[in-house]
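Engineer: The numbering of the sequence shown is numbering that gives the first Met the number 0, which starts it at 0 and goes up by one.
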Amino acid sequence: MSLDPARLAPMANAIRALSMDAVEAANSGHPGMPMGMADVAAVLWSRYLKFDPAAPGWADRDRFVLSAGHGSMLVYSLLHLSGYARPTLDDIRNFRQLGSPCAGHPENFLLDGVECTTGPLGQGLAMAVGMAMAERHLNAQFGNDVVDHRTWVIAGDGCLMEGVNHEAIGLAGHLKLGRMIVLWDDNRITIDGATDLSTSEDIAARYSATGWHVAHCDGHDFGDIDRAIAEAMADDRPSLIACRTVIGKGAPNKQGTSATHGSPLGKDEVAAARKTLGWTHDPFVLPEDVLADWRSTGERGATVHGEWRKRLSAHGDKAEFERRMAGDLPAKFSLDEHIASLIAEPQKLATRKASELALGAINPKLPETIGGSADLTGSNNTKAGGIGAFTAEDYSGRYVYYGIREFGMAAAMNGMALHGGVIPYGGTFLVFTDYCRPAIRLSALQETRVIYVMTHDSIGLGEDGPTHQPVEHVQSLRMMPNLLVMRPADAVETAECWEIALAQKARPTVLALSRQNLPQVRHSAGNLSAKGGYRLKSAGNKRRVILIATGSEVSLALECAESLEKQGVGADVVSMVCTQLFDEQPEDYRNDILPDVGPDEVMRVSIEAGTTFGWDRYTTTHGLRFGLDRFGASAPAEALFEKFGLTADAIVPQIMNKLNG
Ligand SMILES: Cc1ncc(C[n+]2csc(CCOP(=O)(O)OP(=O)(O)O)c2C)c(N)n1
Ligand SMILES: [Mg+2]
């Protein structure tokens, strides 16, 4: 497509018209951003973006991330205009209505071509960093013939102001991700008004200082936009293009003000905008010549895609590449041998160490894993199985030194998983799930296979004290939909949890792992953790108690059971590795493990070194819950378990008291 304004301007105006009309019809939404960035988007999509609307999943397509997700009508317009099957015009007419894939903010699971879910500002750009990392990694593994694409981002002032932006661009700059280009909608407006209300930052200087190339352009001058993009593509560094734009461009009375940010323009202003833009068509009517120009942008990609398919066919690793991009594990993958060796020689191990052993078995067999840690490699035990560092000099490495960037790491892992071809896992202390929680939430919402290796999972970490001791974390993460939270009790369960997590194609997992050594409690094979909770020990005497415990407290529960049995009280011990998986089991199974009988017959008791909040879900209100409903303290782990009453000596008498009424 040429830069002729006579052709490009109507193309950009088609975006403006669709956006303002859809927002008007929904009586809600954000017209300002799509109208302001329409010109930039028209140049990018018509001249640079590599995509094939007929094959939205094409592995070597450029990734386009609308980080400023409130401007969702921009991407919906682009997808429709360039010829994707969805959204249809009807979908756009139903913008923000139940059942339309044109949701308020772009959702990756609703529309092809929406590469990630955006709306929480800053995270789109941070995920794009992960996409760019995955691209370079797969390029290093499979070569230019099959992996050679760019990652484009449209970001607003908000995306650049968010804290995660610092982490994301620091990582991208350090890793020299030169194929990532951010188009910044530099409109100097946010919701509250002009940006000078809240910031005086020199953004270009910050990006430059972080190893980025920075270009500037007039975001309403096609030639200038084109020049800046070409300049960015030619530079080896990741690029930020500051596109000076006018928010709501085309709405004559409201443009340039925050009034266009997040409200319909109103009937009169829409009519005035039509006049200003010279757009004479009714709402949702697209003239044929403009549509034809737009469709030709999509058709350009079909040729490039065809050539790529030929190269892939000739590629020696075609089957492996396709397997990896499909996200399938190798047919023969299993940890049976590793688990058998653990059963043959029981060991007392921290589950973080057990996780390292599992990774030692996994990484050599699964070339798609990319591990990492937010500067706690030696504590999270995440580097295992002979994998080397992923660096700017060697993108084939499979271990990322994320630095102290928990949120940036988690967002990047989302981007990698969304890109496909890799399975990211990364670690920090469990307590710092708080630092990456917004990205964990997007892992869950976006259905990404990201594995969080979260160690030091309770007061059991000891001397570092309450700042580092999770209390509410495990339970609060369990509340998150579509997230598996696993707290394995020993080396066998840890390996089982890894097996389960790797098999999840559409959900993330948090592994909560201990710092302290734990005795091996499992001596049998078969992935019992897959049921979420299972009976580890059956009552010897007549069953009066079911002890439900997780992680490091499972061995404590076994001790309690032994003591109860000595007093003639039968006690089952249930290892509740993952409540979400347990809740998914058929009723018969759950009823067998936790029978629906009155407390007089069987009392249920939970033991977990964290908040007791919510455990009545399993104990019922008649049972007992042992845990920690306060912050911990700084002391050796054993002293803490003693102080907080998490010992058999403290627990058993309370159970006996309650049994004896
Ligand atoms: C993390 C986060 N905080 C707050 C919001 C609410 N919000 C949506 S858009 C916006 C202003 C963004 O300003 P800018 O990026 O400049 O967008 P523009 O107004 O220029 O379209 C805010 C605060 C959000 N979506 N995400
Ligand atoms: Mg803005």
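No residue lacks a Cβ here, since even glycine has one placed at the ideal position from N, Cα and C.
Under DSSP, the alpha helix (DSSP H) around residue 640 begins and ends at which residues?
Structural biologist: 636–642 is the span of the alpha helix (DSSP H), which, as asked, contains residue 640.
Engineer: Less than 6 Å separating the Cβ of residue 202 from some heavy atom of ligand 1?
Structural biologist: No; taking the cut-off as 6 Å, the Cβ of residue 202 has no heavy atom of ligand 1 nearer than that.
Engineer: Quick one: does the C-beta of residue 188 sit closer than 6 Å to a heavy atom of ligand 1?
Structural biologist: Checking every heavy atom of ligand 1 against the Cβ of residue 188, one is found closer than 6 Å.
Engineer: Considering only residues of the region 564–626, which uninterrupted alpha helix (DSSP H) runs meet the minimum length of 4 residues and lie entirely inside it, listed in chain order?
Structural biologist: Taking only runs of at least 4 residues, the alpha helix (DSSP H) segments lying wholly in the region 564–626 are 578–582, 586–592, 615–618.
Engineer: Sorry if obvious, but does the Cβ on residue 387 come closer than 6 Å to a heavy atom of ligand 1?
Structural biologist: No - ligand 1 has no heavy atom lying nearer than 6 Å to the Cβ of residue 387.
Engineer: In its own chain, which residues sit with a C-beta less than 7 Å from the C-beta of residue 122, not counting the 5 before and 5 after it?
Structural biologist: For residue 122, where only same-chain residues beyond five positions count, the Cβ hits under 7 Å are 163, 410, 437, 438, 441.
Engineer: Which first and last residues belong to the beta strand (DSSP E) in which residue 510 is found?
Structural biologist: Counting along the chain, the beta strand (DSSP E) containing residue 510 begins and ends at 508–512.
Engineer: What's the C-alpha gap between residue 383 and residue 310?
Structural biologist: One C-alpha to the other measures close to 34 Å.
Engineer: Is there at least one non-hydrogen atom of ligand 2 closer than 6 Å to the beta-carbon of residue 156?
Structural biologist: Indeed, a heavy atom of ligand 2 lies less than 6 Å from the Cβ.
Engineer: Does the beta-carbon distance from residue 66 to residue 116 come in below 7 Å?
Structural biologist: Not a contact, by the Cβ cut-off of 7 Å.
Engineer: For the structure I just gave you, are there three or more beta carbon pairs, one from the region 558–571 and one from the region 473–481, closer than 8 Å?
Structural biologist: The answer is no - the region 473–481 does not touch the region 558–571, with fewer than three Cβ pairs under 8 Å.
Engineer: Return the CA-CA distance between residue 492 and residue 511, expressed in angstroms with no decimal places.
Structural biologist: In a straight line, the C-alpha of residue 492 is about 12 Å away from that of residue 511.
Engineer: Check this for me: beta carbons of residue 225 and residue 2, under 7 Å apart or not?
Structural biologist: It is a contact, given that the beta carbons lie within the stated cut-off.
Engineer: Please state the DSSP three-state secondary structure of residue 496.
Structural biologist: Reduced to three states, the DSSP call for residue 496 is helix.
Engineer: Please go through the same chain and pick out, in chain order, the residues whose beta-carbon is closer than 7 Å to the beta-carbon of residue 296, but skip the five residues on each side of it.
Structural biologist: Counting only Cβ-Cβ distances below 7 Å, and skipping sequence neighbours, we find 0, 44, 45, 81.
Engineer: Consult DSSP for residue 8 and reduce its assignment to one of helix, strand or coil.
Structural biologist: Reduced to three states, the DSSP call for residue 8 is helix.
Engineer: Between residue 663 and residue 531, what straight-line distance do the alpha-carbon atoms span, to the nearest angstrom?
Structural biologist: Residue 663 lies beyond the residue range present for the chain, which begins at 0 and ends at 660; the question has no answer from this structure.
Engineer: Hey, how far is the Cα of residue 636 from the Cα of residue 644?
Structural biologist: In a straight line, the C-alpha of residue 636 is about 12 Å away from that of residue 644.
Engineer: Return the first residue and the last residue of the beta strand (DSSP E) that residue 217 is part of.
Structural biologist: Residues 212–217.
Engineer: With DSSP as the reference, label residue 224 as helix, strand or coil.
Structural biologist: Reduced to three states, the DSSP call for residue 224 is helix.
Engineer: Contact defined as beta carbons within less than 8 Å: I believe residue 63 pairs with residue 446. What is the distance between those atoms, to the nearest angstrom?
Structural biologist: The pair is not a contact, with the Cβ atoms about 20 Å apart (cut-off 8 Å).
Engineer: So the beta strand (DSSP E) residue 242 belongs to, where does it begin and stop?
Structural biologist: Unbroken beta strand (DSSP E) run through residue 242: 238–243.
Engineer: Using a Cβ distance threshold of 8 Å, determine whether the region 22–41 contacts the region 183–198, with at least three qualifying pairs required.
Structural biologist: Taking 8 Å as the limit for Cβ pairs, the verdict is that the region 183–198 does touch the region 22–41.
Engineer: Would residue 481 and residue 443 be called neighbours here (beta carbons separated by less than 7 Å)?
Structural biologist: Cβ distance < 7 Å, so residue 481 and residue 443 count as in contact.
Engineer: Taking residue 288 as part of the alpha helix (DSSP H), name the residues at either end of that continuous run.
Structural biologist: Counting along the chain, the alpha helix (DSSP H) containing residue 288 begins and ends at 287–312.
Engineer: Taking DSSP as the reference, what is the three-state secondary structure of residue 485?
Structural biologist: Reduced to three states, the DSSP call for residue 485 is strand.
Engineer: May I ask you to report which of helix, strand or coil DSSP gives residue 536?
Structural biologist: Correct three-state label for residue 536: strand.
Engineer: Would you identify the three-state DSSP class for residue 651, choosing helix, strand or coil?
Structural biologist: Helix at residue 651.
Engineer: Taking just the CA atoms, how far does residue 451 sit from residue 463?
Structural biologist: Going from the Cα of residue 463 to the Cα of residue 451 covers about 21 Å.
Engineer: Can you check whether the CB of residue 30 is closer than 7 Å to the CB of residue 112?
Structural biologist: Not in contact: residue 112 and residue 30 (Cβ atoms no closer than 7 Å).
Engineer: Residues bridged to residue 203 by DSSP?
Structural biologist: The partner list for residue 203 (beta bridge, DSSP) is empty, contrary to what the question assumes.
Engineer: Any heavy atom of ligand 1 within a distance shorter than 6 Å of the CB on residue 246?
Structural biologist: Under cutoff, so the answer is yes.
Engineer: Using a Cβ-Cβ cutoff of less than 6 Å, which residues in the same chain neighbour residue 235 once the five nearest sequence positions on both sides are dropped?
Structural biologist: 177, listed in sequence order.
Engineer: Hey, would you say the C-beta of residue 366 is under 6 Å away from at least one heavy atom of ligand 1?
Structural biologist: Checking the Cβ of residue 366 against ligand 1 gives no.
Engineer: DSSP three-state call for residue 478: helix, strand or coil?
Structural biologist: Residue state, collapsed to three classes: coil.
Engineer: Just how far apart, CA to CA, sit residue 142 and residue 372?
Structural biologist: For residue 142 and residue 372, the distance between alpha carbons rounds to 27 Å.
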